[in-house]
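Here's the structure we're looking at; comments come further down.
Numbering (the numbering used here), first residue to last: 211 to 305.
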């Protein structure tokens with residue numbers, strides 16, 4: 211495999227403990243509260259780290275995601291927005 215192109219090499223899946231889930235939210239948002247409950251639950255189950263960011267405190271996040279909040283990012287890449295599916299998030303973190 212050493213001489214094989216990187217495009218064809220298999221990558222080892224990331225371990226959930228090495229993943230970072232970011233919930234982009236705003237205060238007083240009921241969908242954000244619902245999303246946080248799912249993120250907290252799934253991350254606790256699989257051992258992934260998570261953080262939350264207030265969209266009102268970060269201009270870049272505001273410009274990019276304002277119409278989509280809550281937004282869930284996994285390792286900085288958008289995973290979903292508005293409603294968070296527990297099974298889909300779990301699969302993304304463990305699969």
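For glycine and all other residues, C-beta sits at the position ideal for the given N, C-alpha and C.
Check                                                                                                              : Outcome
Outcome for residue 247 when other beta-carbon atoms lying within 10 angstroms are tallied against a minimum of 16 : exposed
Contact between the region 231 to 248 and the region 273 to 284 (3+ Cβ pairs under 8 Å)                            : yes
Environment of residue 245 [buried if 16+ CB atoms lie within 10 Å]                                                : buried
Boundaries of the beta strand (DSSP E) in which residue 294 is found, first to last residue                        : From DSSP, residue 294 is part of no beta strand (DSSP E); its letter is neither H nor E.
Spatially closest choice to residue 266 from 258, 260, 275 and 259, by CA coordinates                              : 275
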